[in-house]
Structures are given as C-alpha cells and as structure tokens.
Amino acid sequence: MTNFTDNFTLLRHNTFGLEATARYWAEFRTTDELREIVRTCLDRHLPWYVLSGGSNIILTGNFPGVVLHPTGNRISLLEPTLVRAEAGVVWDDLVAWSVEHGLGGLENLSAIPGLVGAAPVQNIGAYGAEAKDTIETVEYFDTERLETVRIPGQACAFGYRESIFKGPLRGKAVVTAVEFRLTPERCSSPTGGYTYNIGYGDLHDRVQALGGASLSNIRRAVIAIREAKLPDPATTGNAGSFFKNPVLPARQAEELRSRYPDLPGYPSSDGATVKVPAAWLIDRAGWKGFRCGTVGVHPRQALVLINLGGATAQEILNLARRIIDDVEQKFGITLSMEVNIL
481 MTNFTDNFTL
491 LRHNTFGLEA
501 TARYWAEFRT
511 TDELREIVRT
521 CLDRHLPWYV
531 LSGGSNIILT
541 GNFPGVVLHP
551 TGNRISLLEP
561 TLVRAEAGVV
571 WDDLVAWSVE
581 HGLGGLENLS
591 AIPGLVGAAP
601 VQNIGAYGAE
611 AKDTIETVEY
621 FDTERLETVR
631 IPGQACAFGY
641 RESIFKGPLR
651 GKAVVTAVEF
661 RLTPERCSSP
671 TGGYTYNIGY
681 GDLHDRVQAL
691 GGASLSNIRR
701 AVIAIREAKL
711 PDPATTGNAG
721 SFFKNPVLPA
731 RQAEELRSRY
741 PDLPGYPSSD
751 GATVKVPAAW
761 LIDRAGWKGF
771 RCGTVGVHPR
781 QALVLINLGG
791 ATAQEILNLA
801 RRIIDDVEQK
811 FGITLSMEVN
821 IL
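All you need for the numbering used here is the position in the sequence shown, starting with 1, plus 480.
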C-alpha cells in the first residue's frame, strides 16, 4: 500500500521512550495523500490514530491499525496578522517564527514540544496563555465525508486542555492546518502597543532580569524556566506535565488555603473558580523526587513522571494512580491525567 510502512517501531516517536509497534505507519503531507490513506483504512476496516510529536501520550501496547503522521511543514502569512501553519510544523518553530516577525500571542507557549496539529486538539497552554487565545480557524479532514472542513476557533469548544476534537469529533477529524490571529508588537495605534502577558508565576521577574518586556525576552525567559524545571526527553523519558491543574470552586480553594496559607491559586476572571497548581499538591504530598524501580517523579518538577530506563506503560500508570489516590486522601482533590493513553 502506498505510503504505508509495515510493523513500524514507535520507540522514537513517543517522548516517554516506550517500546511499541504500529501495524502500519503512514505519513501524509497533502489532503489528497490523507484521503487515500483514510480510504484504505475504511476499505480494510483498519483502526487509525494520529500521532503528532508523541510528546503527550502513553503507548500501552502495539497498535493494530494505522498510525497517521503529518509532515506538511509550511508557515504562511495570509494577512499582516494572520498566520497559517500546517499540522506538521514543529510547534516551537512556529513560536520562534512569530517572535522573529514581531507578532505577539504565542511567545508564552515557547518550548512546548510537539507539532502544530496537536495544539487545537489539546488546547495547549503555559504561563497564563492558551492556544485558543490566538486560534482563528482550524482546518481538518473529515474522515467520514472525506473532505476538508474549516471551523472558527469559537466553534472548537475550547476548555482547559479540551476541545471539540477530544469530544464530538474524536476519531472523526484529522487536523491539517491552523490559522492564528496574532498582534504586532510595535503598533502605530494611538491607544498603545502590544500588551505583554508576564503575570504568571515567576515569569515577570525573569523577564525584567533580561531587560524588560518584549516578545524575545518573554520567549527567552520561558525557555530558561522550562529548561531549568523539565527533563530533556532525549535523556530522560517523560511526557511533560502529566496531570492537569485542578480548577476548584472558590469556596473550596479558600477553605484549602485556610489550612495551607502558602497554597498558590489563580482565580478565574469572574472569581467563581480558582486554578490550583497540581505540582504544589504533589510536592506537598511528598512525591517530588520519588523513585521506584524504573519510574519516578522528577526532582525539580513534581508534575513530571519520568522513565528511569526500561519502564512500561503499566508501571507509569500505576505510579500515576498512587499519586492521584494520595493527593485525594490528603487534600480532597482528584487529579486528572493530561496525557493521552493509546
């Protein structure tokens, strides 16, 4: 079959470094190539799964169908502030491109691993910003109608690490491109220029130490923070943030802070809810730096579970469940996993 590779190892295509094999591996650059691949899957009754950068997934075993992988990597400026990126573009390459071109909106999302196609699916986010803040249009291939569809960002049902692609369109859509509405850093408007987003965590102090707010300084600061806290998947298998930050009713957060005055929290715009760092909960529960056989919790970032060498998916998931149970017992909060499980 054209574009299909049999018995393809996925070891180098997941950042946890887990051993797994796909019955078939199929790369696509164009919609026509994708259409032919999907038709083959339908004709042969083969399940399929889109594997982007492999940075947010746990492979629990060999996949019996076709693993699809986007390779289209063009970045285009459609309008002075409208940027189109194909699904196979490395996410951080897009961020670097936007900063180099003086377009703001993505700089807080620097150094997030993965490809552009996964950004709207997961609604990636970091340091007070999310992909949904700038996504104007998502282009995807409808695997039932075998045609390209374009939907506005407002129709994507974006939430915290959620989207329509993880809900009603799960298993029915393959993202092929994303268009982002960005903002010029230098603006001739009399009302002023770009508003920098540096109020999250220690980002403000880092940026000021670099000489003050600018797209390039924010990007440099975010990269430095991530490199200091997060392990390199090339040397230590991991999927980045393993757990979502729980969003609590304001009253529950207030009660929790009465017992733990140093608990950080980020209130919603209406004050009804407060996002609490899962890393703080895991650290306070005593798991930071924990090691057990082939798995552990990173000593500098409690959100990150790590493969110490030869770990299996089951061992990683067992550790995750132990942490979830312990945090629930100690704080009355149930953590949710951010990673996808295949």
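Beta carbons: idealized from backbone N, C-alpha and C, even for Gly.
Which same chain residues, not among the five before or five after Leu595, have their C-beta less than 8 angstroms away from its C-beta?
Stepping through the sequence shown from its first residue, residue 595 is reached at position 115. Excluding sequence neighbours, Leu595 sits near Ser532, Gly533, Pro550, Ala567, Gly568, Val569, Val570, Trp571.
Going by the beta-carbon positions, is the gap between Asp806 and Ala765 smaller than 7 angstroms?
The sequence position of residue 806 within the sequence shown is 326, counting from 1. The sequence position of residue 765 within the sequence shown is 285, counting from 1. Going by C-beta atoms, Asp806 is nearer than 7 angstroms to Ala765.
Just checking my contact of Glu513 with Asn553 at CB under 8 angstroms: how many whole Å lie between their CB atoms?
Counted from its first residue, the sequence shown places residue 513 at position 33. Counted from its first residue, the sequence shown places residue 553 at position 73. Contact annotation, Glu513 with Asn553: C-beta distance approximately 14 angstroms; criterion of less than 8 angstroms not satisfied.
Cα-Cα, which of Ala752, Pro544, Asn536 is closest to His525?
Along the sequence shown, one-based indexing puts residue 525 at 45. Minimum Cα distance to His525 is reached at Pro544.
Please check the pair Thr656 and Pro632, which I expect to be a contact at CB under 8 angstroms, by giving their CB distance rounded to whole angstroms.
As a first step, residue 656 is located in the sequence shown; it is residue number 176 there, counting from the start. As a first step, residue 632 is located in the sequence shown; it is residue number 152 there, counting from the start. 16 angstroms between Cβ atoms; not a contact.
To the nearest angstrom, report how far apart Val727 and Thr753 are at their CA atoms.
By one-based count along the sequence shown, residue 727 stands at place 247. By one-based count along the sequence shown, residue 753 stands at place 273. Each residue's alpha carbon lies about 6 angstroms from the other.
Which stretch, first to last residue, makes up the beta strand (DSSP E) that contains Thr617?
Here residue 617 refers to the residue found at position 137 when the sequence shown is read from its first residue. From DSSP, the beta strand (DSSP E) with Thr617 extends over 615-622.
Determine the DSSP secondary structure at Glu507, reduced to helix, strand or coil.
To locate residue 507, count along the sequence shown from 1; it is residue 27. Here Glu507 sits in strand by DSSP.
Find the nearest neighbour of Thr540 within the set Ile813, Ile803, Phe811, Ile796, judged by alpha-carbon distance.
To locate residue 540, count along the sequence shown from 1; it is residue 60. Distances from the alpha-carbon of Thr540 to those of Ile813, Ile803, Phe811, Ile796 put Ile796 closest.
Touch check for the segment 629-645 and the segment 576-587: three-plus C-beta pairs under 8 angstroms?
Counting Cβ pairs under 8 angstroms, fewer than three are found: no touch.
Return the chain-ordered list of same chain residues with a C-beta closer than 8 angstroms to the C-beta of Gly691, the five sequence neighbours on each side being excluded.
Within the sequence shown, residue 691 is the residue found at index 211, counting from 1. Cβ-Cβ distances below 8 angstroms link Gly691 to Asn697 in the same chain, with the five nearest sequence neighbours on each side left out; the list follows chain order.
Can you name the start and end residues of the alpha helix (DSSP H) that Val579 belongs to?
One-based indexing of the sequence shown puts residue 579 at position 99. Its alpha helix (DSSP H) spans residues 571-580.
Given Thr489, which residues of its chain have a CB within under 7 angstroms of its CB, disregarding the five upstream and five downstream residues?
Within the sequence shown, residue 489 is the residue found at index 9, counting from 1. Cβ neighbours of Thr489 beyond the five flanking positions: Thr501.
Could you check how far apart the C-beta atoms of Arg739 and Gly745 are, in whole angstroms? I think they sit under 8 angstroms.
Walking along the sequence shown from the start, residue 739 turns up at place 259. Walking along the sequence shown from the start, residue 745 turns up at place 265. The pair is not a contact, with the Cβ atoms about 13 angstroms apart (cut-off 8 angstroms).
For Glu619, count neighbouring C-beta atoms within 10 Å of its own C-beta (all shown protein chains included) and say buried if the count is 16 or more, exposed if not.
The sequence position of residue 619 within the sequence shown is 139, counting from 1. By the neighbour-count criterion, in which 16 or more other beta carbons inside 10 Å mark a residue as buried, Glu619 falls on the buried side.
7 angstroms CB neighbourhood of Glu499 in its chain, flanking five on each side removed
Locating residue 499 in the sequence shown gives position 19, counting from the first residue. Only Leu491 meet the Cβ criterion.
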